[in-house]
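One structure is given here, and the rest of the page talks about it.
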Amino acid sequence: MTEPKQQTTTLIVNDITLLNPIAVAKIVTPQSEAELVQQLVTSSGAVSVGGGRYSQGGQVALPDSLHIDMRSYNNIVSFEPDKKQITVQAGITWRDIQTYIDAYELSVKIMQSYADFTVGGSLSVNAHGRYIGEGPLINSVLAIRLLLADGSVITATPDTNRELFYAAIGGYGAMGIILEASLQLTDNCRVQRQVASMATQHYREFFQTQIRDNSAIVFHNAVLYPPQYNQIAAVSWLTTDNPVTVDRRLLSPDTRYWWQPALTDFVADYDFAKRLRQHWLDPLLYRQPAVHWRNYEASYDVRELEPADRTKQTFGLREYFVPVDKFDAFVKQLAAVLQQNHVNVLNVSVRHALPDKGSVLAWASQEIFAFVVYYRQGTDEQARQHTELWSQQLIEAVLAHGGTYYLPYQPSATPEQFQLAYPRAAEFFQLKQQYDPQNRFNSQFWSKYLAPFAAGI
Ligand SMILES: Cc1cc2nc3c(=O)[nH]c(=O)nc-3n(C[C@H](O)[C@H](O)[C@H](O)COP(=O)(O)OP(=O)(O)OC[C@H]3O[C@@H](n4cnc5c(N)ncnc54)[C@H](O)[C@@H]3O)c2cc1C
Numbered sequence: 007m008t009e010p011k012q013q014t015t016t017l018i019v020n021d022i023t024l025l026n027p028i029a030v031a032k033i034v035t036p037q038s039e040a041e042l043v044q045q046l047v048t049s050s051g052a053v054s055v056g057g058g059r060y061s062q063g064g065q066v067a068l069p070d071s072l073h074i075d076m077r078s079y080n081n082i083v084s085f086e087p088d089k090k091q092i093t094v095q096a097g098i099t100w101r102d103i104q105t106y107i108d109a110y111e112l113s114v115k116i117m118q119s120y121a122d123f124t125v126g127g128s129l130s131v132n133a134h135g136r137y138i139g140e141g142p143l144i145n146s147v148l149a150i151r152l153l154l155a156d157g158s159v160i161t162a163t164p165d166t167n168r169e170l171f172y173a174a175i176g177g178y179g180a181m182g183i184i185l186e187a188s189l190q191l192t193d194n195c196r197v198q199r200q201v202a203s204m205a206t207q208h209y210r211e212f213f214q215t216q217i218r219d220n221s222a223i224v225f226h227n228a229v230l231y232p233p234q235y236n237q238i239a240a241v242s243w244l245t246t247d248n249p250v251t252v253d254r255r256l257l258s259p260d261t262r263y264w265w266q267p268a269l270t271d272f273v274a275d276y277d278f279a280k281r282l283r284q285h286w287l288d289p290l291l292y293r294q295p296a297v298h299w300r301n302y303e304a305s306y307d308v309r310e311l312e313p314a315d316r317t318k319q320t321f322g323l324r325e326y327f328v329p330v331d332k333f334d335a336f337v338k339q340l341a342a343v344l345q346q347n348h349v350n351v352l353n354v355s356v357r358h359a360l361p362d363k364g365s366v367l368a369w370a371s372q373e374i375f376a377f378v379v380y381y382r383q384g385t386d387e388q389a390r391q392h393t394e395l396w397s398q399q400l401i402e403a404v405l406a407h408g409g410t411y412y413l414p415y416q417p418s419a420t421p422e423q424f425q426l427a428y429p430r431a432a433e434f435f436q437l438k439q440q441y442d443p444q445n446r447f448n449s450q451f452w453s454k455y456l457a458p459f460a461a462g463i
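Numbering (this note's numbering), first residue to last: 7 to 463.
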């Protein structure tokens, strides 16, 4: 009798860039807290946790781990419209929260520019958006419910279990699984776009005098145009009573993005296309009057960026943070590194954030400007090495200006750069040892940056 053929299926967890396929042992999609606890306590070995998988450097998975996909754990737990507060399960997306709260004229207070991310994934990177007068997401979090490595479930707030509150938010899943989050909401309102174009060297003063303390501004970012980086379009959205120019209160989830990805590829393919966008397309767009609901403006879908194919080339993000007074000096170095290395940058979005209220791995321990670099790279080994090279150079530059870099992207930083950029990393590691001594919550990303601490280096 012939032996039946052994069936082996490789379970791959990858991220949006498709650069980090990781073969895990098992994938589970729990739908209740009891199921989540059971998955943890009845297993042994490493557990990796994923939300939307939009982080880009092995943050969501580890080879041979039990992978917990949180996206089915996505209900609203409680909602108090009078207090403008909501409690949600961590696998829910911003978009689902928006759909629920819009009828109550409420909005998410702080989130990213796109709405596809899960709340758990966003809390774990301590995300930020284009909001003026706000800082990182942690500033709008009232409480989290956290599943620890020993199987216990605790509530952490800025006052109760505070060290876990400040370590788990921005902790990339290392402290435990965020089960629920209670968030402060705010009012939905109509916002009107205003655009000012200027030479880059004038932006900082413009921001200080016109934007920073203007309480009418809800969203603001500035587009720094490649490949010269000497011109900026400062785009603000101010509260208004004017009628909306788009009736929809939220972007339709059925929207078909047929021209946007093609335009992104066109801009990536040619320098003349980058200039065409800067001098013609964007000015034309910005001349159109635009009044949107805040929720509409916060409900963008990442599909608008998605190229037809990521096999040979893919798009990635990088982000660098500098103290506000270092804006001009850093911009010059940013431009020089990107130009010298011929990095195919599509866009640099400049944002501002007020300081973090205390997370251990804070990227905004002071008031900062953020530079979000959106670029295209090849997927072959040579292209990966090239990306690592210029990324490390930019990290050097940002560290020299007393700044830091953002962790959800490819882990190009050396462990030494990580420790310089996140000076409380040793404290983070001590908490990790205290709450997860067997290192159950792990990822490819953490195995790179926490291993030197474990080895006592
Ligand atoms: C097109 C694009 C635009 C972006 N724009 C912004 C932006 O404007 N601002 C910004 O700050 N970032 C931005 N990002 C980065 C993005 O915010 C982060 O990658 C965020 O983590 C994505 O959420 P996610 O649900 O995909 O998380 P994932 O990528 O799935 O997970 C991120 C981290 O969180 C951990 N995690 C996930 N769920 C849990 C949980 N329940 N408990 C514990 N740990 C968990 C994972 O292990 C991982 O370490 C952008 C990314 C892309 C691709």
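C-beta: ideal position from N, C-alpha, C; glycine also.
As a beta-bridge residue in DSSP terms, residue 204 pairs with 238. Where residue 103 is concerned, the enclosing alpha helix (DSSP H) starts and stops at 100-107. For the options 200, 185 and 287, the alpha carbon positioned closest to that of residue 150 is the one of 185. Ligand 1 approaches residue 184 closely enough that one of its heavy atoms is under 6 Å from the residue's Cβ. For residue 355, the uninterrupted beta strand (DSSP E) run begins and ends at 350-359, by DSSP.
Per DSSP, the unbroken alpha helix (DSSP H) holding residue 390 starts and ends at 387-406. According to the DSSP assignment, residue 299 belongs to the beta strand (DSSP E) that extends over 297-299. Residue state for residue 89 is assigned as coil, using DSSP reduced to three classes. If you draw a straight line from the Cα of residue 445 to the Cα of residue 20, it comes to about 22 Å. Residue 175 is positioned such that its CB atom lies closer than 7 Å to that of residue 365.
Residues 46, 71, 72, 74, 446 and 447 of the same chain have their beta carbon placed closer than 7 Å to that of residue 53, with the five preceding and five following residues left out of the count. Shown here, residue 277 sits in a helix according to DSSP, grouped into three states. Put simply, of 199, 452 and 358 the residue whose alpha carbon is nearest the alpha carbon of residue 219 is 358.
Cα atoms of residue 257 and residue 371: separation of roughly 34 Å, rounded to the nearest angstrom. Residue 322 sits close to residue 62, with the two beta carbons spaced by under 7 Å. With a cut-off of 8 Å on Cβ pairs, the stretch 200-210 is not in contact with the stretch 112-120, counting fewer than three such pairs.
Here the stretch 374-381 makes no contact with the stretch 296-305; the two share fewer than three CB pairs at distances below 8 Å. Runs of the beta strand (DSSP E) lying entirely within the stretch 56-80 and spanning at least 3 residues, in chain order: 72-75. Judged by the Cβ position, residue 76 qualifies as a neighbour of ligand 1 at the 6 Å threshold, a heavy atom of the ligand being closer than this.
Note on the stretch 125-189: whole alpha helix (DSSP H) runs with a minimum of 4 residues are 125-131 and 168-174, in chain order. Straight through space, the alpha carbons of residue 339 and residue 455 are spaced by roughly 26 Å.
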